[in-house]
Structures are given as C-alpha cells and as structure tokens.
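Structure record follows, encoded as structure tokens.
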Amino acid sequence: MATVSAPNARQVSCDICSARRVRLTVSRSAAADRLNELADVAELMDDFNSAVRLRRQASELRVAAMRLLDE
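Just so we're aligned, residue 157 is where the sequence shown starts under our numbering, counting upward by one.
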C-alpha cells in the first residue's frame with residue numbers, strides 16, 4: 157500500500173482547494189450572467205427598479221468571484 161508523504165499531501169490539498177475556488181468562481185460568474193439576462197428582461201417589461209436591483213446583485217456576485225481567485 158502506497159502512502160503519501162506530508163509535503164505531497166499538502167500539495168494535493170492545495171490543488172483541491174484551488175479547483176474548488178475555480179468551480180465556485182465559474183458558478184458565480186454564470187449566476188451573474190443569468191442575473192444580467194433577467195435584468196434585460198425586466199427592462200423590456202419597463203421594470204427599471206428590478207433591473208437595477210438585478211444588475212447590482214450580478215455585480216456583487218462578480219466581485220465575490222474575483223475575490224475568491226485573489227485568495
């Protein structure tokens with residue numbers, strides 16, 4: 157049975173954390189894209205207050221996603 161040395165285990169753990177951050181970033185960016193699409197629909201329906209709210213939420217999601225990559 158093979159064992160993983162401590163430095164290699166740490167590297168594997170870091171790689172897993174990095175992969176999770178990337179997946180979270182992609183998911184948040186996709187959610188932000190969808191919120192922008194919904195804001196477009198709200199504007200077409202002359203619901204400008206909702207459009208502004210949706211765009212603000214999309215922006216906050218994008219900022220949160222970028223912060224994940226900075227960690």
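Ideal placement from N, C-alpha and C gives every residue a C-beta, glycine not left out. Note that the coordinates shown come from a computational prediction; the quantities given were computed from them, not determined experimentally.
Mind checking residue i: buried by the 16 CB within 10 Å criterion, or exposed?
i           : result
alanine 195 : buried
alanine 220 : exposed
alanine 207 : buried
Please state the DSSP three-state secondary structure of residue i.
i             : result
glutamate 199 : helix
glutamate 227 : coil
Less than 8 angstroms between the CB atoms is what I'm expecting for residue i and residue j, so what's the real figure, rounded?
i            : j             : result
leucine 180  : glutamine 213 : Their Cβ separation, rounded to whole angstroms, is 17 angstroms, which puts leucine 180 and glutamine 213 out of contact at 8 angstroms.
arginine 177 : leucine 225   : 7 angstroms
leucine 210  : alanine 187   : That pair is no contact at about 11 angstroms.
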